[in-house]
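The structure appears right after this line, and notes come after that.
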Amino acid sequence: MRSQSVSISKAKKAIANYKKAMGEPTGLAELSIYYCEEAFSFLESCAFEDERYFVALIRMYDQAVKRVLDLPVAERHGCAKRLGNLRSRARPVGWGIGDELNSIWHEAGLDEY
99 MRSQSVSISK
109 AKKAIANYKK
119 AMGEPTGLAE
129 LSIYYCEEAF
139 SFLESCAFED
149 ERYFVALIRM
159 YDQAVKRVLD
169 LPVAERHGCA
179 KRLGNLRSRA
189 RPVGWGIGDE
199 LNSIWHEAGL
209 DEY
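The opening residue of the sequence shown carries number 99 in this note's numbering; numbering runs sequentially from there.
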């Protein structure tokens, strides 16, 4: 990974392009969750500490939660489970990320999942 840049904007742009092209709620929820899953995979694979990256991750998690809540109730369970898994992956990262994700989770009322 030497000499490779991390581009939050490129990842977010891909989601924005999908939203413009399709705008399908299930797809938007999936892409938002996938962004977060891949962001955590990146953090787990290397010692990367960048406040902007962490803030972008928290914001995308918040968007993912909102998008999941916009889905029909029958479609929420699988997505909510993945969002819950991300909360536990956030604990070892530090920087208060786990606390932020937990706060978003609880404020959204996802405790039933």
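A virtual CB, placed ideally from N, CA and C, is assigned to each residue, including glycine.
ALA145 to GLY192, Cα distance in whole Å? Here residue 145 refers to the residue found at position 47 of the sequence shown. Here residue 192 refers to the residue found at position 94 of the sequence shown. Rounded to whole angstroms, ALA145 to GLY192 spans 12 Å at the Cα level.
Quick one: give me the first and last residue of the alpha helix (DSSP H) that VAL163 is part of. Counting from 1 along the sequence shown, the entry for residue 163 is found at position 65. Start and end: 149 to 167.
Have a look at ALA112, LYS118, ILE131 and flag the residue whose alpha-carbon is nearest the alpha-carbon of VAL166. By 1-based counting over the sequence shown, the position of residue 166 is 68. Of the candidates ALA112, LYS118, ILE131, the one whose C-alpha sits nearest the C-alpha of VAL166 is ILE131.
Measuring CB to CB, does GLY196 end up less than 7 Å from ALA188? Against the sequence shown, residue 196 aligns to sequence position 98. Against the sequence shown, residue 188 aligns to sequence position 90. For GLY196 and ALA188, yes; Cβs fall inside 7 Å.
Is the distance from the Cβ of TYR133 to the Cβ of ALA109 below 7 Å? Numbered from 1 along the sequence shown, position 35 holds the residue referred to as residue 133. Numbered from 1 along the sequence shown, position 11 holds the residue referred to as residue 109. In contact: TYR133 and ALA109 (Cβ atoms closer than 7 Å).
Is GLU136 near the ligand ADP - that is, is its Cβ less than 6 Å away from at least one heavy atom of it? Among the ligands in the structure shown, none appear at all, so the ligand ADP cannot be discussed.
First through last residue of the alpha helix (DSSP H) which encompasses ALA206: Here residue 206 is taken as the residue at index 108 of the sequence shown, counted from 1. Looking at the DSSP string, ALA206 is not in any alpha helix (DSSP H), and its letter there is neither H nor E.
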